[in-house]
Structure formats: structure tokens, C-alpha cells
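K.L.:
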Amino acid sequence: MGVTVIDPADPAVTGFDLVLVRDHGPSTPVRDLATAAVASARPVVPVTGVILTCGQGEYGDRRRHEAVTSQITGWLNLKACAPVPLETRLDIRDWRLCATAEAFMSVLARLDIVVTTRLHGLALALTAGVPALAVDPVAGGGKVTAQARAWRWPGLVPAEQAADERRLDVLWDWCLSAAGRQAARDASGRPHHDLRFQLDALVAAMGLR
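Counting along the sequence shown from 1, when you hit position 88 you're at 130 in this note's numbering, and nothing is skipped either side.
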């Protein structure tokens, strides 16, 4: 039922008493059965960007990257969501990666939530006004925690709590709530005074002013 038939005389076809064809040669094709299943599926689930890191050797024995990744991906596997694995690295030679910042931000803007262990996963999600559930993979806090403080973003889980599924669930629900979405939009709209300061300091150091 619902198959493509190339050769009606093929034993793969003639061995059945009845074949209900999806498409065959010049005959009028019909829609695939999968579309009926999707049409009757459960309500739409959150589209979830997943941005992870496994490097950062500079943190030495404070690294918990492998354990944290295993814990949050195992937790995500049980969530009703549509996961979209993403990489923040841009590459014009790899079709699987965005070639420009504009392309990457266009993807982020269409997500409902981002789950990330990367600094840029957190910062860019909030720049796009998308709630981020950030998990710092460094024991004692590293650059992800620092960035959450810079953005005044509460959606942060330390490495030591990455296995606490209840904690993750609470932040997941908050990120997807009206309050969480509004908090992300508010974060996106705040003035970037600290960025301006850094750029001004660089220009001054180069003697351009």
C-alpha cells in the first residue's frame, strides 16, 4: 500500500494479491500516506536549536563537557520537541553550515528555544530574542556563566546540576512561557553600552582617534 511501482511485472509486485500504488509511470500519482499521519499528529512541538561544544581544553580539569553533553542530550531525547542541531561556525565551503552571520541569525529567529553549552549559542539566541536554556560545561562556571551574567539571563544551569532533570524541566517550561519569551525579547532590546566601550577602547589603542 502506498508504494512506487517501476515494473508491474517484477516479482516484487506480482507476488502480492493486491498492490495499492502511490505512483506508476503515466498514471496520476496520489499523495503519500505519511501526509495523512502528519495531518492527524499531536499539536506542534517546540522547534529547538541545539548548540553544543566539546572542546575548550583551556579549562583543564574543570572541563565537564562530555558528561554535560551526555546528560542534556539524554534529557532532550525525552522532551517533546523538534531538535535542530546547529553549529555557530560559519563556512562558505560547507553547505551544511551557514555561510554568513545573517543566515545563521535567520535560523535562530525561527526557533522557539535554544539549548546550548556554548557562549555564542547563548549570546546569539538572546540577540535574536529567542530564550536560551544554557548549561555551563565548566565546573565552577566558565565563559557561559559569565555571558549569562553579562546579559542578566536567568536561564542558566551550572555543570554540577546538569544531571538534575527537574531543574532542566523548570527552566525549559519558563523559557517557553510568555514570561520567558518576553524576557528574551527584553534582553535583545537592551542597549549594548559595554560593546561600544570595547570598540572605542580598541580604536583608541590603535591610535585612530
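No residue lacks a Cβ here, since even glycine has one placed at the ideal position from N, Cα and C.
Owing to the predicted nature of the structure, the values given are computational and were not obtained by experimental measurement.
Once you ignore the five residues that flank T111 on each side, which residues in its own chain have a CB closer than 6 Å to its CB?
P.N.:
Mapped onto the sequence shown, residue 111 falls at position 69. Cβ within range, chain order: L94.
K.L.:
Counting along the chain, where does the beta strand (DSSP E) carrying V63 start and finish?
P.N.:
Mapped onto the sequence shown, residue 63 falls at position 21. Counting along the chain, the beta strand (DSSP E) containing V63 begins and ends at V63 to D65.
K.L.:
What number of angstroms, rounded off, separates the C-alpha of A229 from the C-alpha of A78?
P.N.:
For this step, residue 229 is matched to residue 187 along the sequence shown. For this step, residue 78 is matched to residue 36 along the sequence shown. Near 41 Å, if we compare the C-alpha coordinates of A78 and A229.
K.L.:
Identify, in the order they occur along the chain, each residue of the same chain with its Cβ nearer than 7 Å to the Cβ of A190, setting aside the five sequence neighbours on each side.
P.N.:
For the purposes of this step, residue 190 is identified with residue 148 of the sequence shown, where counting begins at 1. The answer, listed in chain order, is L164, A176 and L198.
K.L.:
Suppose you measure from the CA of L250 to the CA of L244; what does that come to, to the nearest Å?
P.N.:
In the sequence shown, the residue the question calls residue 250 occupies position 208. In the sequence shown, the residue the question calls residue 244 occupies position 202. Their backbone Cα atoms lie some 9 Å apart in a straight line.
K.L.:
Run through DSSP, which three-state label would R105 get?
P.N.:
Along the sequence shown, one-based indexing puts residue 105 at 63. R105 falls in the strand class under three-state DSSP.
K.L.:
How should T70 be labelled, buried or exposed, when 16 other C-beta atoms within 10 angstroms of its C-beta is the threshold for buried?
P.N.:
As a first step, residue 70 is located in the sequence shown; it is residue number 28 there, counting from the start. That one is exposed.
K.L.:
Which parts of the stretch 90 to 169 are runs of the alpha helix (DSSP H), unbroken and 4 residues or longer, counting only runs that do not cross its ends?
P.N.:
107 to 118, 143 to 151 and 161 to 169
K.L.:
Across the stretch 173 to 188 and the stretch 198 to 210, are there enough close Cβ pairs to call them in contact, namely three or more that are closer than 8 Å?
P.N.:
With a cut-off of 8 Å on Cβ pairs, the stretch 173 to 188 is in contact with the stretch 198 to 210, counting three or more such pairs.
K.L.:
Terminal residues of the continuous beta strand (DSSP E) containing A252?
P.N.:
In the structure displayed, the chain extends from 43 to 251; residue 252 sits before or after that span and is not available.
K.L.:
V45 by DSSP, collapsed to three states: which one?
P.N.:
If you number the sequence shown from 1, residue 45 lands on position 3. Of the three classes helix, strand and coil, the one that applies to V45 here is strand, per DSSP.
K.L.:
Let's test the definition: count the other Cβ atoms within 10 Å of the Cβ of R160 and tell me whether it reaches 16, buried, or not, exposed.
P.N.:
Working through the sequence shown from its first residue, we reach residue 160 at position 118. R160 comes out buried.
K.L.:
In this structure, does DSSP put I218 in helix, strand or coil?
P.N.:
Indexing the sequence shown from 1 puts residue 218 at position 176. According to the sequence provided, residue 218 is Leu. The question's Ile does not apply to it. If DSSP states are grouped into helix, strand and coil, L218 belongs with the helices.
K.L.:
Measure the CB-CB distance between T158 and P125 and report whether it falls below 8 Å.
P.N.:
Taking the sequence shown and counting its residues from 1, the one referred to as residue 158 is at position 116. Taking the sequence shown and counting its residues from 1, the one referred to as residue 125 is at position 83. Not in contact: T158 and P125 (Cβ atoms no closer than 8 Å).
K.L.:
Thinking C-alpha only, which one of R232, L241, R105 and A220 is nearest V180?
P.N.:
Indexing the sequence shown from 1 puts residue 180 at position 138. It is R105 whose Cα lies nearest to the Cα of V180.
K.L.:
Roughly how many angstroms lie between the CA atoms of I122 and V80, to the nearest whole one?
P.N.:
Residue numbering aside, residue 122 sits at position 80 when the sequence shown is read from its first letter. Residue numbering aside, residue 80 sits at position 38 when the sequence shown is read from its first letter. Ile is not the amino acid found at residue 122; the sequence shown has Ala there. So the two alpha carbons sit approximately 15 Å from each other.
K.L.:
Nearest to S219 by alpha carbon, out of R232, A174 and A170?
P.N.:
To locate residue 219, count along the sequence shown from 1; it is residue 177. Closest option to S219, Cα to Cα, is A174.
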